[in-house]
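So in the working numbering, spot 224 of the sequence shown is number 226, and the numbers just go up one at a time. Glycine residues also receive a C-beta, built at the ideal position from the N, C-alpha and C atoms.
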Amino acid sequence: MRDKARIARPLLLGFAFVAPLISLALIQTSIILALVPLFVSHLLLLYATLVANSQWWGAVLTTFDTRRDEVWLTIDDGPSPAHTIKVLDMLERFGARATFFVIGARAEKHPHLITEILARGHTLANHTFSHTARTFWCAGPQRIAREIDRCAETLRSSPARPNLFFRAPVGMTSPFLHPALARRGMRLVGWTVRGLDTIQRDVEKVAERIEKRVKPGAIILLHEGHQITRDPGFGPHCLELTLQRLSQRGYHFVIPLPEQLGTGRGGK
Ligand SMILES: [Zn+2]
């Protein structure tokens with residue numbers, strides 16, 4: 003969906019610049035009418051920024067190319083002393099490979115878990131250094147750069163491979179994010195289906211939600227390190243049931259090859 007971004011991005015920015023001028027021109031006629039362009043412009047900017055997987059600011063990878071029953075399992079927000087090893091054992095049991103979108107600050111604190119993830123044949127990706135979920139969407143270019151680079155730095159100091167993929171906290175984007183990623187040769191990864199396992203309290207519902215929306219080439223999003231005090235087994239159970247259900251349907255959990263990520267096409 004690069005084409006969509008190529009058109010939408012200049013239109014959004016252009017309209018955001020022109021809208022106040024139109025409002026000024028209309029203010030003599032009617033104050034209410036004058037507010038309309040400003041309101042619409044803000045609404046469009048918020049949609050592009052806050053709606054997860056929106057392709058308006060730039061391409062977000064939400065599927066990969068395959069003709070086989072393959073999916074890309076991505077696990078966010080680790081590493082976590084409560085979950086990572088359990089998650090790794092479970093993946094091994096199902097012969098599944100996954101990409102861990104880790105938070106830099108947590109990786110710095112638990113480097114042995116990072117080493118373990120890699121040793122078990124999985125890959126790492128960048129999920130910011132401090133995961134400021136409430137404010138990342140309105141971060142300026144410098145803060146965005148810091149969040150990406152500090153996380154990358156932490157992962158580089160472990161025996162990691164280059165980290166080409168980035169996922170923003172809660173999937174929000176911003177006008178500054180894509181240029182920052184492009185300068186670093188990185189790509190923004192969204193998802194086809196998420197289990198909503200950080201807010202959901204029913205394991206069955208998480209797995210069911212994923213099973214309903216899964217298709218070949220789907221990117222699946224689950225988390226680790228959440229709901230630890232309420233129910234420490236919840237996250238691993240969600241993963242286990244998802245692995246069970248999709249394996250029964252013949253799906254394989256793979257890490258896509260670079261040529262399978264060519265189009266960056268959208269679709270939720
Ligand atoms: Zn996250």
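- P81 and L115 have their C-alpha atoms some 6 Å from each other.
- Residues of the same chain with a CB within less than 8 Å of the CB of G123, apart from the 5 flanking positions on each side, are R99 in chain order.
- Judged by pairs of C-beta atoms under 8 Å, the region 204-221 does not touch the region 165-174, as fewer than three such pairs exist.
- Close CB contacts of R70 within its chain, under the 6 Å cut and outside five residues either way in sequence, are absent.
- Per the CB criterion, closer than 6 Å to any heavy atom of ligand 1, the qualifying residues run in chain order as D78, D79, H129, H133, P171.
- In the structure shown, the three-state DSSP call for L37 is helix.
- In the DSSP assignment, N128 forms a beta bridge with V104, F168.
- Taking every protein chain shown into account, the CB of L248 has 16 or more other CB atoms within 10 angstroms, so this residue is buried.
- In this structure, L14 places its C-beta atom within 7 Å of the C-beta atom of L46.
- For the pair T156 and A127, the CB atoms are not nearer than the 7 Å cut-off.
- If you draw a 10 Å sphere on the C-beta of V62, you find 16 or more other C-beta atoms in it, and that means buried.
- Residue state for V62 is assigned as coil, using DSSP reduced to three classes.
- Across the set Q144, S176, F103, the C-alpha of S176 shows the shortest separation from the C-alpha of R136.
- According to DSSP, residue pairing for F255 in a beta bridge involves V73.
- Between F167 and C153, the C-beta gap is not smaller than 7 Å, which leaves the two residues out of contact.
- Less than 7 Å separates the beta-carbon of G237 from that of H85.
- Taking 7 Å as the cut-off, the Cβ atoms of H225 and D91 do not count as close.
- By the Cβ test, the region 140-152 is in contact with the region 182-190, since at least three Cβ pairs between them sit closer than 8 Å.
- For P83, same chain residues with a beta-carbon under 8 Å away, outside a window of 5 residues either side, are H112, L115 in chain order.
- Under the DSSP assignment, L90 falls outside any beta strand (DSSP E), being part of the alpha helix (DSSP H) whose first and last residues are 86-95.
- For V195, the pairing in a beta bridge is given by DSSP as I222.
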